[in-house]
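Visitor:
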Amino acid sequence: MARGKLPNLPKDMAAEIMSRVPPLSVIQCKLVSKSWYTLIKSLVNDPSFVAKHLRTTTNDDDLSFLTLAFSYLNLPLYPSLDDQPPYYQPAALLPEPLFPDDFILAEELGCDARAYYYKLVKSGVIKLGYTIWTLILGERLPSLGRLSSNFEILKPSLHKVISLGMWNESIALFFYSSERVGERTIQVWIMDDCSGSTKGPSSWIKQLSVGPFIGITCLLTFWKTDELLMEVDGDGKLVSYNLHTNKLRKLAINAVVKMRNEELDISIYKESSFSSRMETSCVLENWF
Amino acid sequence: MSSSSTTTTTTRLLMLKASDGVTFEVEEAVATKLGAINNMVEEEGSEDLICLPNVNGKFLGMVLEWCKKHANNNTNSDKGNDEVNKWWDKEFVMDLDQNTLYHLLMAADYLSGTELVDLLTEKVASMIRGKKVEEIRETFKIKSDFLPGQEEEIRKKNSWAFE
């Protein structure tokens, strides 16, 4: 009964099934038969499947997805503009000096599942008080198209520390006070850009405000849709804050040995079988 | 229609007619667990006979059996319902062969039985997840039709996945 075979299912249903299978298994299925090979090949080349696959496996409550990495507080990732990687292009020089004396560089790489693009966002505040925001979009980072986009920057007034992250598949910007003592409220802004090919300016939309928290040293990242990962008391201990239940819980990760002046940086890696993703992880490793 | 008086609306019966002419008499509350039927009932209202030309009797019967169990379990407003449903779902998919799975999936999809589609896709995924190529071939009764050398080539191209 040839018609009753699973590769004869409509493609969207096959995609539904395969999105529940871990990446390695998906690739191994290429070897089952010619029709399976064709099916898997067309699935993994389909950005909507890759996005679906990432979404389906995102609920995983497994801490093994957390990879911890350090970057030294006193060493900016890029010491000067001359040392930028060749594909880095400043997008816009904003006229307003926003942070007169700071030197901040942040970057984030993530998959924008709605636009089917991997995005690399860099932000830099350089000494002269000008702000450079660059957004680079591309399916595969090494051979990246140079598509830049301006941001309409928000006025951060009281909030000084900025970090970038991903939230619900969008690029997010976190603001919080640089005061290390007392209460700190965290504002989350989301980039209003999911087109992947926008040429005009993008804008930031204030999404939410959480806290105030006491004893939070550093906001790290979202690691599940609703869980915000934070460092407490500067000793490398991690807490996770759930946006729905408003509950803080301690994470039992003791592997973090933190030295003075070291800044904790956490990246969340997800296993994926798809080549563009593989390349992006390699790129990331080189940077750290 | 005169038959649908106020006293009978709560236990209204629908007739579902499969592609091979087999008919099923089902309570409305059970049948409307299927999105497609729910839509038809809402649109056509008084129509008691619903023809389903894309599903044959055997698989329609199985889909309805699943709906019935879930509808019954949900009427007992116990907290343990989820557990009961889960247990029953497990039983339901346990011994399905791939031919039945295929047709059930198509039927559930056609009838917009979202929960059932989820259950079945998960079942198929579990037959693939973490299995060796040979095991998958055995489960789905597939013979490799690659030419000599082709298999080795695919292995080489995706060597990271086959270490």
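So the protein sequences, as listed, match chains B and Y.
First residue of the first sequence? That's 1 in the working numbering, and the numbers climb one at a time after it.
First residue of the second sequence? That's 289 in the working numbering, and the numbers climb one at a time after it.
Here a beta-carbon is modelled for each residue, glycine too, at the ideal position from N, C-alpha and C.
All of these numbers come straight from a predicted model, not from anything done at the bench.
Could you check the C-alpha separation between L392 of chain Y and G401 of chain Y for me, to the nearest Å?
Guide: If you number the second sequence from 1, residue 392 of chain Y lands on position 104. If you number the second sequence from 1, residue 401 of chain Y lands on position 113. When rounded, the distance between both Cα atoms is 11 Å.
Visitor: Could you please tell me which residues of the stretch 327-360 of chain Y, in chain order, have their CB closer than 7 Å to any CB of chain B?
Guide: Residues passing the 7 Å Cβ filter: none.
Visitor: For Y241 of chain B, list the residues DSSP reports as bridge partners.
Guide: Here residue 241 of chain B refers to the residue found at position 241 when the first sequence is read from its first residue. Answer is B:L228, B:L248.
Visitor: As an exercise, report each continuous beta strand (DSSP E) stretch of at least 3 residues that is fully enclosed by the stretch 324-388 of chain Y, in chain order.
Guide: 337-340, all fully within the stretch 324-388 of chain Y.
Visitor: What three-state label does DSSP hand T320 of chain Y in the structure shown?
Guide: What you label residue 320 of chain Y is simply residue 32 of the second sequence in a count that begins at 1. Of the three classes helix, strand and coil, the one that applies to T320 of chain Y here is coil, per DSSP.
Visitor: Do R20 of chain B and E441 of chain Y have their beta-carbon atoms positioned less than 8 Å apart in this structure?
Guide: As a first step, residue 441 of chain Y must be located in the second sequence, where it is residue number 153. As a first step, residue 20 of chain B must be located in the first sequence, where it is residue number 20. Cβ distance not < 8 Å, so E441 of chain Y and R20 of chain B don't count as in contact.
Visitor: Please name the residue, chosen from Y:E371, Y:I430, Y:K444, Y:D406, that lies closest to E16 of chain B on a Cα-to-Cα basis.
Guide: The residue you call residue 16 of chain B lines up with position 16 of the first sequence. Comparing Cα-Cα distances from E16 of chain B to each of Y:E371, Y:I430, Y:K444, Y:D406, the minimum goes to Y:D406.
Visitor: Flag this pair as yes or no: are the beta carbons of V318 of chain Y and G345 of chain Y separated by less than 8 Å?
Guide: The sequence position of residue 318 of chain Y within the second sequence is 30, counting from 1. The sequence position of residue 345 of chain Y within the second sequence is 57, counting from 1. Contact flag unset, no.
Visitor: Is the stretch 414-427 of chain Y touching the stretch 24-36 of chain B, taking contact as three or more C-beta pairs under 8 Å?
Guide: Cβ pair count under 8 Å is three or more, so yes.
Visitor: Taking 7 Å as the limit between beta carbons, can you name the residues of its chain near V239 of chain B, skipping five residues before and five after?
Guide: One-based indexing of the first sequence puts residue 239 of chain B at position 239. Result list for V239 of chain B: M230, V232, L248, R249, K250, L251, in chain order.
Visitor: Counting along the chain, where does the beta strand (DSSP E) carrying V314 of chain Y start and finish?
Guide: Position 26 of the second sequence, counted from the start, is the residue given in the question as residue 314 of chain Y. Taken as a continuous stretch (DSSP letters only), the beta strand (DSSP E) holding V314 of chain Y covers 311-315.
Visitor: Taking just the CA atoms, how far does C355 of chain Y sit from L322 of chain Y?
Guide: Numbered from 1 along the second sequence, position 34 holds the residue referred to as residue 322 of chain Y. Numbered from 1 along the second sequence, position 67 holds the residue referred to as residue 355 of chain Y. Cα to Cα, the separation comes out at about 8 Å.
Visitor: What residues from chain B crowd round S231 of chain Y, counting only those whose CB sits closer than 9 Å?
Guide: Examination of residue 231 of chain Y is not possible in this model, given that chain Y is present from 289 through 451 alone.
Visitor: Only counting the same chain, and skipping five residues up and downstream in sequence, which positions put a Cβ closer than 8 Å to that of A14 of chain B?
Guide: In the first sequence, residue 14 of chain B corresponds to position 14, counting from 1. These residues qualify, in order along the chain: L6, P7, L39, L43.
Visitor: Would DSSP call K429 of chain Y helix, strand or coil?
Guide: For this step, residue 429 of chain Y is matched to residue 141 along the second sequence. Coil at K429 of chain Y, not helix or strand.
Visitor: DSSP beta-bridge partners for A15 of chain B?
Guide: Sequence index remark: in the first sequence, residue 15 of chain B carries index 15 (1-based). Paired residue(s): none; A15 of chain B is not in a bridge.
Visitor: Starting from the C-beta of Y37 of chain B, find all residues in its chain whose C-beta is less than 7 Å away, skip the five residues before and the five after it, and write them out in chain order.
Guide: Counted from its first residue, the first sequence places residue 37 of chain B at position 37. Excluding residues within five positions, the ones whose Cβ falls inside 7 Å are K30.
Visitor: So L24 of chain B is in the alpha helix (DSSP H); what residue range does that whole segment cover?
Guide: To locate residue 24 of chain B, count along the first sequence from 1; it is residue 24. 23-28 is the extent of the alpha helix (DSSP H) around L24 of chain B.
Visitor: What does V232 of chain B reach in chain Y if we use C-beta pairs closer than 7 Å?
Guide: Position 232 of the first sequence holds residue 232 of chain B. Correct list: empty, because the minimum Cβ distance to chain Y is about 36 Å.
Visitor: By Cβ distance, which residues of its chain are closer than 6 Å to D397 of chain Y, with the 5 residues on each side in sequence left out?
Guide: Here residue 397 of chain Y is taken as the residue at index 109 of the second sequence, counted from 1. Closer than 6 Å at Cβ, skipping near neighbours: V405.
Visitor: Does the Cβ of P23 of chain B have 16 or more other Cβ atoms within 10 Å, making it buried, or fewer, making it exposed?
Guide: Taking the first sequence and counting its residues from 1, the one referred to as residue 23 of chain B is at position 23. That one is buried.
Visitor: So which of B:Y241, B:F213, B:K237 has the shortest CA-CA distance to D226 of chain B?
Guide: Working through the first sequence from its first residue, we reach residue 226 of chain B at position 226. Per the Cα distances, B:Y241.
Visitor: Any C-beta of chain Y within less than 7 Å: which residues of the stretch 7-30 of chain B qualify?
Guide: Within the stretch 7-30 of chain B, the residues whose Cβ lies closer than 7 Å to some Cβ of chain Y are L9, M13, E16, I17, R20, V21, P22, L24, S25, I27, Q28, C29, K30, listed in chain order.
Visitor: Please report how far the alpha carbon of L352 of chain Y lies from the alpha carbon of T299 of chain Y, in whole angstroms.
Guide: Counted from its first residue, the second sequence places residue 352 of chain Y at position 64. Counted from its first residue, the second sequence places residue 299 of chain Y at position 11. One C-alpha to the other measures close to 16 Å.
Visitor: Measure the alpha-carbon distance for N369 of chain Y versus K378 of chain Y and round it to whole angstroms.
Guide: Taking the first residue of the second sequence as position 1, residue 369 of chain Y is located at position 81. Taking the first residue of the second sequence as position 1, residue 378 of chain Y is located at position 90. Whole-angstrom Cα-Cα distance: 14 Å.
Visitor: Can you round the beta-carbon distance between A395 of chain Y and L348 of chain Y to whole angstroms, since I take them to be within the 8 Å contact cut?
Guide: Locating residue 395 of chain Y in the second sequence gives position 107, counting from the first residue. Locating residue 348 of chain Y in the second sequence gives position 60, counting from the first residue. Confirmed, about 6 Å.
Visitor: Kindly list the residues whose CB is nearer than 7 Å to the CB of M415 of chain Y, restricted to its own chain and excluding five residues on each side of it in sequence; keep chain order.
Guide: As a position in the second sequence, residue 415 of chain Y is number 127, starting the count at 1. Closer than 7 Å at Cβ, skipping near neighbours: T427.
Visitor: Can you tell me whether DSSP reads L9 of chain B as helix, strand or coil?
Guide: Position 9 of the first sequence, counted from the first residue, corresponds to residue 9 of chain B. Three-state DSSP puts L9 of chain B in coil, outside helix and strand.
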